[in-house]
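Below is one structure, written out as structure tokens; the observations come after it.
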Amino acid sequence: MVETDKQAAQGRRPARRTSSKILLSILGILIAIPVIAIVFILTFDWNRARPWINAKVSEAIERPFEIRGNLDVEWVRPAKTMAPSERTWRDHIPWPHLIANDTHVGNPADLPAQDSGSARRFSFSVNPFALLSKTINIPLLRFDGPRVDLLRLDEQRNNWTFRRKEEKSKWTLDLDRVVLTDGIVHIKDAVTKADVTAKVRTLENGGRYGVGWTLDGTYNGAKVSGGGKAGAVLSLKQQSTPYPVQPRCARARRGSRSRAR
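Quick note: the sequence shown, position 101, residue 101 per the UniProt record's numbering, numbers continuous.
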């Protein structure tokens, strides 16, 4: 009887040791996964992923997309750019920050083969916690040196309309703010007979205005020109806060002097 109890106790000890080893192994794996992911993101050469990204984005937007320059991912803590009273513990955790250089978006297949948009550099951070709820939260999307060429050939064909897929996506895009620096916007519209170019520049001491622009071209056969100032950051959520705009426009009719408006 005594020997039987000893044998049973000895049998339970290996089982307990095995269970402890399994628990420790599971805990080690759970700790290792985020560590491995961080090391992978920091050391991986993201330029190798450019062909795959280019192909997937081109397929999604149904027009050519290409990152021709360097592609990199950094880690940035949101708390650095926030007031102490606005910070939470999550804001001290680094977020992945993507930086893409020399990016180009082409026209749809039924329009001339040229860029509809490009940027010397664009960058944004992604909230990793929002991904758990299938939300792609981008607090700030920044474009440096952008060029946009808007084209319309007739009532049916233009390059600023993106087709919506009938199947609703399970993911939600949540974009807070957009920042534009020095760039060019060109509009060529056969319907309104417009051919206008706007040049946007960053203002160093513009106060509440962060960018200024000049406008030049023709509209319905008449010469148009002008300019103005606007805020550097466009908020897509704070609708109660007015976006600062100060326009200045002049239009010249055929065979007449220009007059300010």
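By construction, the Cβ of each residue, glycine as well, lies at the ideal position given by its N, Cα and C atoms.
Figure out for me which residue from the options has the closest Cα to the Cα of residue i.
i      : options                        : result
Gly207 : Trp89, Gln246, Pro139, Gln114  : Gln246
Thr192 : Ala222, Leu131, Asn101         : Ala222
Gly117 : Thr103, Leu111, Pro128         : Thr103
Leu217 : Leu203, Glu204, Ala194, Arg201 : The sequence given here has Gly at residue 217, not Leu. Here the closest residue by C-alpha is Ala194.
Asp182 : Ala55, Glu204, Leu111, Leu140  : Glu204
Arg164 : Ala60, Val179, Thr214, Arg48   : Ala60
Ala113 : Pro64, Trp213, Gly228          : Pro64
His186 : Thr202, Leu180, Arg147, Arg201 : Arg147
Phe129 : Val200, Phe162, Pro84, Pro78   : Pro78
Ala119 : Glu66, Lys56, Arg248           : Glu66
Asp115 : Arg142, Trp52, Gly227, Asn158  : Asn158
Glu62  : Leu215, Ile184, Tyr219, Phe162 : Phe162
Asn220 : Gly227, Lys188, Leu131, Lys229 : Lys188
Asp149 : Ile138, Ile184, Lys134         : Ile184
State the Cα-Cα distance for the pair residue i and residue j, rounded to the nearest angstrom.
i           : j      : result
Trp160      : Leu151 : 8 angstroms
Asp176      : Val105 : 22 angstroms
Asn107      : Ala198 : 20 angstroms
Asp154      : Ala190 : 6 angstroms
Gln156      : Ser225 : 28 angstroms
Gly212      : Gly145 : 14 angstroms
residue 330 : Leu140 : A question about residue 330 goes unanswered here, because the residues of the chain that appear run from 1 up to 261.
Arg48       : Arg87  : 36 angstroms
Tyr209      : Ala55  : 38 angstroms
Thr202      : Val196 : 20 angstroms
Ile136      : Ala109 : 28 angstroms
Gly231      : Leu23  : 55 angstroms
Arg50       : Ser58  : 12 angstroms
His92       : Leu215 : 43 angstroms
Arg90       : Lys80  : 12 angstroms
Leu132      : Leu111 : 39 angstroms
Arg248      : Gly228 : 5 angstroms
Ile138      : Glu167 : 23 angstroms
Lys134      : Pro84  : 28 angstroms
Ile26       : Glu74  : 29 angstroms
Kindly give me the distance between the Cβ atoms of residue i and residue j, rounded to whole angstroms, as I take these residues to be in contact under 8 angstroms.
i      : j      : result
Val200 : Phe143 : So it is not a contact: roughly 10 angstroms between Cβ atoms.
Val76  : Trp95  : 6 angstroms
Under 8 angstroms, with one C-beta from each stretch per pair, do the region 84-100 and the region 124-136 reach the 3-pair mark? Taking one beta carbon from each stretch, the region 84-100 and the region 124-136 have 3 or more pairs nearer than 8 angstroms; the two touch.
Is the region 61-75 touching the region 168-183 in the sense that three or more CB pairs, one from each, lie closer than 8 angstroms? no
Which full runs of the beta strand (DSSP E) of 3+ residues lie inside the region 117-154, going along the chain? 135-152
Report the residue ranges of all alpha helix (DSSP H) runs contained in full by the region 40-97; include only those spanning at least 4 residues, in chain order. 50-61
Jot down the residue ranges of each uninterrupted beta strand (DSSP E) in the region 170-232, minimum 3 residues, whole runs only, in chain order. The qualifying runs are 172-180, 183-189, 194-202, 211-219, 222-230.
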